[in-house]
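Q: Chains A and B supply the protein sequences, listed in that same order.
Residue numbering for the first sequence follows this note's numbering, beginning at 2 and increasing consecutively.
Residue numbering for the second sequence follows this note's numbering, beginning at -14 and increasing consecutively.
Quick reminder that beta carbons are idealized off the backbone N, C-alpha and C, glycines included.
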Amino acid sequence: MFQSSPILRQFPDCSNQAACRGFLHEFEKLLLGTYRPQIVFDMSQVSQMNATGIDLMLRCISKIANHDGDLRLAGPSPETALVLELAQISNVVEVFNTLQEAMESFDGHLFGDTSRRDARTVAS
Amino acid sequence: MGSPGPRSTVELGTIVIAGAMPNVSGQPLSGTGKHSLSSLPRSYPVALWELLGKSVLQRIVDRLRGTGEQLVSVVPNEGGSAADEEAWERTFLEYAHHGVERILLVSLGAYSEFQLDDLLAFHRSTNSQVTNLTDEQGALGISLIEAKCANGGASSLRSRLSAFSSCSFTYEFNGYSNRLADPGDYRRLVQDALAGRCEIKPVGQEIRPSTWCGSGARVSALARVFAPAYIGLRARVHAGALIASGTSIEQRSEVDCGTVVQNSSILPRTYLGPGLHVSQSVVSGSRVVHLGRKIDVELAHTGLLSRKGPSAPSRMLESLGSFFGAFGTDFGPGMSTPSRTPASVDWVRSNGFFGS
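1. Look up B:L93 in the DSSP assignment and say whether it is helix, strand or coil.
2. Please classify B:Q43: is it buried, with 16 or more other beta-carbons within 10 angstroms of its beta-carbon, or exposed?
3. Within 10 angstroms of the Cβ of B:G310, are there 16 or more other Cβ atoms? Answer buried if so, exposed if not.
4. Going along chain A in order, which residues have a C-beta closer than 7 Å to the C-beta of B:G260?
5. With a threshold of 16 other CB atoms inside 10 Å of the CB of B:P187, please say whether the residue is buried or exposed.
6. Of the residues B:H108, B:G217 and B:L257, which one's Cα is nearest the Cα of B:I390?
7. With 8 Å as the threshold, decide whether the Cβ of B:T(-1) is near any Cβ in chain A.
8. Locate the beta strand (DSSP E) running through A:I55, then write down its first and last residues.
9. What's the call for B:Q190, buried or exposed, on a 16-neighbour Cβ count within 10 Å?
10. Can you find the residues in the same chain that come closer than 8 Å, C-beta to C-beta, to B:M320, ignoring five residues on each side of it along the sequence?
11. Looking at B:L129 and B:E74, is the spacing between their C-beta atoms short of 8 Å?
12. For the stretch 63 to 88 of chain A, enumerate the residues whose C-beta is nearer than 8 Å to any C-beta of chain B, in chain order.
13. Run through chain B and tell me which residues come within less than 7 Å of A:Q49, C-beta to C-beta.
14. Less than 8 Å between the beta carbons of B:G126 and B:A148, yes or no?
15. I want to verify the contact list: residues of chain B whose CB lies under 8 Å from the CB of A:A20, in sequence order.
16. Is any beta-carbon of chain A found at less than 8 Å from that of B:V57?
17. Going along chain A in order, which residues have a C-beta closer than 8 Å to the C-beta of B:I88?
18. Pull up the DSSP beta-bridge partners for A:I90, would you.
19. State the CB to CB distance for the pair B:Y161 and B:E98, rounded to an integer number of angstroms; the pair is presumed to be in contact (CB under 8 Å).
20. Is the CB of B:I251 under 8 Å away from at least one CB in chain A?
21. Report the option in B:K39, B:I185 and B:L56 whose CA atom is closest to the CA atom of B:V1.
22. Would you tell me roughly how many angstroms separate the C-alpha atoms of B:E(-4) and B:S250, rounded to the nearest one?
23. Can you pull the DSSP bridge partners for A:D71?
24. Can you find a CB in chain A that lies within less than 8 Å of the CB of B:H223?
25. Starting from the Cα of B:P295, find the closest Cα among B:K133, B:S238, B:L174 and B:L179 and give me that residue.
26. So which residues of chain A does B:L37 contact, with C-beta pairs closer than 7 Å?
27. In terms of DSSP beta bridges, what is B:A124 paired with?
As structure tokens, then:
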């Protein structure tokens, strides 16, 4: 089944390893039985993207890819955005300034409206 | 003034002030250029950063030496209150006391390729006491002052010099200059040097057109380096890494496998982990100044990049040096650049000029 609407998840505080493990466990359960899930991670609460956070993000990307899904990131702080760029995560996952932009990006994608995405690409 | 000592006839002495320029002319001498990182609260000692193998401070001193100027002192800007006599003032008075006729005050706030002979000729022709060097953006923080300005009164040297500001002349310089106010200016200077737009030459051998390597640099055969680029002394570039044009990797830095460095400067002893993408940045250890995003962040917690310590043999030699007291900790071919040397020391001083 195609996912009808994007799933929004709050990315956990990277300094709390237990929270990261719990997040990954829940995320794995969420993905069970889905096909081409559309997921948005709200990064606004991530104050410091550390090695644990990068590792968690890479695991999530890998799991979503296994389900042919699509991940978007929303609202990272400038520091987090820089870490995402350094680790080349922003090369494989689209990053949006706001949650709304990230959610709407899936709408355009679903209905084949690529004009918004093209405009964004040109702007960046 | 103090008692007249043995006087000699030295026409020019130079004082390079590490830090902001003292306000001699009554105007801000550090320039009013527009800076891309002006919103950032930090101030950057850009002139002390290594730039293609040598710091700007060292290059300025070398340049002065190249014109035959032998009496050069580097003093810290102590930034004390107006009542305190600063190191540059003490040196100025010392020069004047020993018969130096004119004193060139150079702030490390800017890099400029002015011709000293032309400045001296202009100064003589105008018969002025103080000549300030300016370019189209304003003052460059370089002043040529008659040593006799230091004479007279019990007031501080600064106030005595300020009294001459109204009768100072301005020498308009239209050659190459760079404000060096922030990392953006530093990058511009690196790019200009790599492109040959200024007199700065990379320290090392030009192994291919516009690609320089310092001695002991190791670049994997599986790495790609696009000109113009600079790989410094004993730097390492591992397999699969890509050094894009306009990039400088300063001494003893290391770029690990698969990492892309684009339009950036990697300052000495920086380790970039594998698989990274560094662009439009100045990186020193784990600190990254991203010029595109206009942010300056410490990223040690990410484990992606870090500062390299000295190698095991270097550590052993250092400890032996400390033990025997013969070398201290500041030795070795690559450690002589002043980028890590505190500016709080007289770095260059003409030996034996003042005698005892």
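A: Walking through what the data contain:
1. In the structure shown, B:L93 sits in coil (DSSP, three-state: anything other than H, G, I, E or B).
2. Under this definition B:Q43 is a buried residue.
3. Low confidence applies here, because B:G310 scores a pLDDT of 47, under 50, leaving its location unreliable; read the following figure in that light. So B:G310 counts as exposed.
4. Taking a Cβ-Cβ cut-off of 7 Å, the neighbours of B:G260 in chain A comprise Q89, given in sequence order.
5. Within 10 angstroms of the beta-carbon of B:P187 lie 16 or more other beta-carbons, which makes it buried.
6. As shown, chain B starts at -14 and ends at 341. That puts residue 390 of chain B outside it, with no answer to give.
7. Chain A, which has no Cβ nearer than 8 Å to the Cβ of B:T(-1), makes this no.
8. The continuous stretches of beta strand (DSSP E) do not include A:I55, which lies in the alpha helix (DSSP H) extending over residues A52 to N67.
9. When all chains shown are included, B:Q190 counts as exposed.
10. No answer about B:M320 holds up, because its pLDDT of 32 lies below 50 and its placement is not dependable.
11. Not closer than 8 Å, so no.
12. Only P79, E80, A82, L83, V84, E86, L87 and A88 from the stretch 63 to 88 of chain A bring a Cβ to less than 8 Å from some Cβ of chain B.
13. Under the 7 Å cutoff, chain B gives H286.
14. Cβ atoms of B:G126 and B:A148: not closer than 8 Å.
15. Per Cβ cutoff of 8 Å: no residues; A:A20 is ~16 Å from chain B at best.
16. Not closer than 8 Å to any Cβ of chain A, the Cβ of B:V57 fails to qualify, so no.
17. Going along chain A, no residue has its Cβ under 8 Å from B:I88, so there is no contact; the nearest lies around 45 Å.
18. Paired residues: none, contrary to the question.
19. About 5 Å separates the two Cβ atoms, so the contact holds.
20. Taking Cβ atoms only, chain A never reaches closer than 8 Å to B:I251, which makes this a no.
21. Considering only alpha carbons, the answer is B:L56.
22. Cα to Cα, the separation comes out at about 39 Å.
23. Bridge partners of A:D71: A:Q39.
24. Using a CB distance cut-off of 8 Å, B:H223 does not count as an interface residue toward chain A.
25. Minimum Cα distance to B:P295 is reached at B:S238.
26. Chain-ordered listing is empty here: chain A has no CB closer than 7 Å to the CB of B:L37, the nearest sitting near 24 Å.
27. Answer by DSSP bridge pairing, in chain order: B:T119.
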